[in-house]
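A.B. asks: What follows is a structure written as structure tokens; I'll ask about it next.
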Amino acid sequence: MPDTLRHATLRQWQIFLVAAEHESFVRAAQLLHLTQPAVSMQMSQLAESVGLPLFEKRGRNLALTQAGQTLVPFAERLAETLRDAGEAIDALQGLHRGRLRIALVTTTRYFMPRLIAQFRQAHPQIELDVSIEHREGVIGRLDGNQVDLAIMGRPPTHLALQAEPFAKHPHGVIAAPDHPLAGKRRVQPKKVAREAFIAREAGSGTRHAMEQYFAAHGLDPPLAREMTSNESIKQEVMAGMGLAFISLHTVLLEHQTGHLALLDLQGLPVVRDWYVLYRSGRRLSPAAAAFREFLKAEAPGYMARLLPAGAKGRRV
Numbered sequence: 335m336p337d338t339l340r341h342a343t344l345r346q347w348q349i350f351l352v353a354a355e356h357e358s359f360v361r362a363a364q365l366l367h368l369t370q371p372a373v374s375m376q377m378s379q380l381a382e383s384v385g386l387p388l389f390e391k392r393g394r395n396l397a398l399t400q401a402g403q404t405l406v407p408f409a410e411r412l413a414e415t416l417r418d419a420g421e422a423i424d425a426l427q428g429l430h431r432g433r434l435r436i437a438l439v440t441t442t443r444y445f446m447p448r449l450i451a452q453f454r455q456a457h458p459q460i461e462l463d464v465s466i467e468h469r470e471g472v473i474g475r476l477d478g479n480q481v482d483l484a485i486m487g488r489p490p491t492h493l494a495l496q497a498e499p500f501a502k503h504p505h506g507v508i509a510a511p512d513h514p515l516a517g518k519r520r521v522q523p524k525k526v527a528r529e530a531f532i533a534r535e536a537g538s539g540t541r542h543a544m545e546q547y548f549a550a551h552g553l554d555p556p557l558a559r560e561m562t563s564n565e566s567i568k569q570e571v572m573a574g575m576g577l578a579f580i581s582l583h584t585v586l587l588e589h590q591t592g593h594l595a596l597l598d599l600q601g602l603p604v605v606r607d608w609y610v611l612y613r614s615g616r617r618l619s620p621a622a623a624a625f626r627e628f629l630k631a632e633a634p635g636y637m638a639r640l641l642p643a644g645a646k647g648r649r650v
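Letter by letter, the sequence shown follows residues 335 to 650 of the numbering used here.
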């Protein structure tokens, strides 16, 4: 790498990252409130410092050259270091401001929006960047150091993470309200051994809990189909197309209105935990630390109120 690279400015690295993400100098100029000629000039100067072109034209868009692709992780690391430095200074001053990036698994959409809204009311000066994805997407964001905190029900084991439980996460089996087992007490699990189940996708926390429950009771019921959406699963169960093992935080409304029944199978509910996760060794910003403490204080009581009546009297 040429010595002249040390003369590259932080502003040039910032522009480079935005242009690389959006594959456009025009879009980078809009987002950074610069003119397009100013962006082009800064990128020309950065390429001159590197000694190689960083972008090339591909149709109407820009694409990174091999040199540009090589520099992206270093530029991201530089931006992250500067952000960490700012947060460390904020911590010394006791400030709760800045930007907080949170990744949520899809099942949390039933309770996290309300909790996030409450947190925003208490800390209006904190800018929140929230993404909701399937489990693998959230893990990818953690692995790529793209978020400060993540919320999920089963922490991955292949990453160095701090995983702190903040609320109980019960799972149970739902059925259409006219199912023969609906309303019966303390049903033996073998009664559903031949029932078709509509399941969450392989690898999800709900699917993992379901498989452990089946194995513990010697069950191997047929799977009617896999689905990545709790809403789709509930619709199929309401239509009488099968049973489902599901997070009980997702079925309150349908249970209250009589559209779904919660089966009273022995060994249910299976109670796990909801976790807030962050990378090991990472200093939490004041904003992230405030959100973590908010969850621990406010989430347990709020989420307990989201459980169906039939679940509240059990081991939850």
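Glycine included, every Cβ here is placed at the ideal spot set by N, Cα and C.
#1: Quick one: which unbroken alpha helix (DSSP H) runs of 4-plus residues sit fully inside the segment 390 to 463? Chain order, please.
#2: Contact check, L380 vs Q346 under 8 Å by CB: the rounded distance?
#3: Ignoring anything shorter than 4 residues, give me the alpha helix (DSSP H) runs that lie fully in the segment 360 to 392, in order along the chain.
#4: Cα separation between L483 and A419?
#5: For G615, does the count of other Cβ atoms within 10 angstroms reach 16, so buried, or fall short, so exposed?
#6: With distances taken between CB atoms, is the gap from L582 to G506 smaller than 8 Å?
#7: How big is the Cα-Cα spacing for M446 and L438?
#8: At the level of alpha carbons, what is the spacing between P490 and P371?
#9: In its own chain, which residues sit with a C-beta less than 7 Å from the C-beta of A638, not counting the 5 before and 5 after it?
#10: Given this structure, state the Cα-to-Cα distance separating V652 from G574, to the nearest angstrom.
#11: Taking the straight line between their C-alpha atoms, what separation do you get for A533 and R454?
#12: Please name the residue in L596, G478, F359 and A362 whose C-alpha comes closest to that of S411.
#13: Select from K524, A621, T343 and L493 the residue whose C-alpha is nearest the C-alpha of A660.
#14: Going by DSSP in three states, K502 sits in which element: helix, strand or coil?
#15: Assuming E498 and R626 make a contact with CB atoms under 8 Å, what is their CB distance in whole Å?
#16: Quick one: residues in its chain with C-beta nearer than 8 Å to the C-beta of L396, no 5 flanking neighbours on either side, listed in chain order?
#17: Should F350 go down as buried or exposed, given a rule of 16 or more other Cβ atoms within 10 Å for buried?
#18: Output needed for V464: all residues of its chain with C-beta closer than 7 Å, excluding positions within five of it in sequence on either side, in chain order.
#19: Determine the burial state of Q400: buried for a count of at least 16 other Cβ atoms within 10 Å of its Cβ, exposed for fewer.
#20: Taking buried to mean at least 16 other C-beta atoms within 10 Å of its own C-beta, is H589 buried or exposed?
#21: Counting only the same chain and skipping the five closest in sequence on each side, list residues whose C-beta sits under 8 Å from that of F531.
#22: List the residues that DSSP assigns as beta-bridge partners of D607.
#23: Are L629 and Y444 closer than 8 Å when you measure CB to CB?
#24: Kindly identify the DSSP beta-bridge partner or partners of A497.
#25: Are there three or more Cβ pairs, one per stretch, closer than 8 Å when the segment 535 to 550 is compared with the segment 599 to 615?
#26: I need the straight-line Cα distance from M375 to V406, nearest angstrom please.
#27: Ends of the beta strand (DSSP E) at L351?
#28: Compute the beta-carbon to beta-carbon distance between E529 and E560, rounded to the nearest angstrom, for a pair I have assumed lies under 8 Å.
C.D. replies: With the structure as the only source:
#1: 400 to 427 and 446 to 456
#2: For this step, residue 380 is matched to residue 46 along the sequence shown. For this step, residue 346 is matched to residue 12 along the sequence shown. Right, their Cβ atoms sit about 4 Å apart.
#3: Uninterrupted alpha helix (DSSP H) stretches at least 4 residues long and entirely within the segment 360 to 392 occur at 370 to 384, given in chain order.
#4: Position 149 of the sequence shown, counted from the start, is the residue given in the question as residue 483. Position 85 of the sequence shown, counted from the start, is the residue given in the question as residue 419. Taking the straight line from one Cα to the other gives about 18 Å.
#5: Here residue 615 refers to the residue found at position 281 when the sequence shown is read from its first residue. Its Cβ having fewer than 16 others within 10 Å, G615 is exposed.
#6: The count along the sequence shown starts at 1 and reaches residue 582 at position 248. The count along the sequence shown starts at 1 and reaches residue 506 at position 172. The Cβ atoms of L582 and G506 lie closer than 8 Å to each other.
#7: Against the sequence shown, residue 446 aligns to sequence position 112. Against the sequence shown, residue 438 aligns to sequence position 104. So the two alpha carbons sit approximately 8 Å from each other.
#8: Position 156 of the sequence shown, counted from the first residue, corresponds to residue 490. Position 37 of the sequence shown, counted from the first residue, corresponds to residue 371. C-alpha separation (whole angstroms): 45 Å.
#9: The residue labelled residue 638 in the question sits at position 304 within the sequence shown. Taking C-beta separations shorter than 7 Å and ignoring five residues to either side along the sequence, A638 has no partners in its chain.
#10: Since the first residue of the chain shown is 335 and the last is 650, residue 652 is not available in this structure.
#11: Position 199 of the sequence shown, counted from the first residue, corresponds to residue 533. Position 120 of the sequence shown, counted from the first residue, corresponds to residue 454. Using only the alpha carbons, I get a separation of about 34 Å.
#12: For the purposes of this step, residue 411 is identified with residue 77 of the sequence shown, where counting begins at 1. Looking at the sequence itself, residue 411 is Arg, so the reference to Ser does not match. Checking every option, the nearest Cα to that of R411 belongs to G478.
#13: In the structure as shown, the chain begins at 335 and stops at 650. Residue 660 is therefore absent and cannot be evaluated.
#14: Within the sequence shown, numbered from 1, the residue matching residue 502 stands at position 168. In this structure, K502 counts as strand in the three-state DSSP scheme.
#15: Working through the sequence shown from its first residue, we reach residue 498 at position 164. Working through the sequence shown from its first residue, we reach residue 626 at position 292. So it is a contact: roughly 7 Å between Cβ atoms.
#16: Counted from its first residue, the sequence shown places residue 396 at position 62. Only A353, E357, S358, F359, F389 and E390 meet the Cβ criterion.
#17: Along the sequence shown, read from residue 1 onward, the residue named residue 350 stands at position 16. It counts as buried.
#18: In the sequence shown, residue 464 corresponds to position 130, counting from 1. I436, L438 and I450, listed in sequence order.
#19: In the sequence shown, the residue the question calls residue 400 occupies position 66. The residue in question, Q400, is exposed, as its Cβ has fewer than 16 Cβ neighbours within 10 Å.
#20: Walking along the sequence shown from the start, residue 589 turns up at place 255. With 16 or more other Cβ atoms within 10 Å, it is buried.
#21: Mapped onto the sequence shown, residue 531 falls at position 197. Counting only Cβ-Cβ distances below 8 Å, and skipping sequence neighbours, we find M544, P555, P556, L557, A558, G576, L577, A578 and F579.
#22: Residue mapping note: residue 607 aligns to position 273 of the sequence shown, counting from 1. Looking at the DSSP assignment, D607 forms a beta bridge with K502.
#23: Here residue 629 corresponds to residue number 295 of the sequence shown, with the count starting at 1. Here residue 444 corresponds to residue number 110 of the sequence shown, with the count starting at 1. For L629 and Y444, no; Cβs fall outside 8 Å.
#24: As a working mapping, residue 497 is identified with position 163 in the sequence shown. Partner(s): L611.
#25: The segment 535 to 550 vs the segment 599 to 615: in contact.
#26: By 1-based counting over the sequence shown, the position of residue 375 is 41. By 1-based counting over the sequence shown, the position of residue 406 is 72. For M375 and V406, the distance between alpha carbons rounds to 19 Å.
#27: The count along the sequence shown starts at 1 and reaches residue 351 at position 17. In the DSSP assignment, L351 falls outside any beta strand (DSSP E) and within the unbroken alpha helix (DSSP H) covering L344 to H356.
#28: Here the question's residue 529 lines up with position 195 in the sequence shown. Here the question's residue 560 lines up with position 226 in the sequence shown. Contact flag wrong, Cβ pair sits at about 16 Å.
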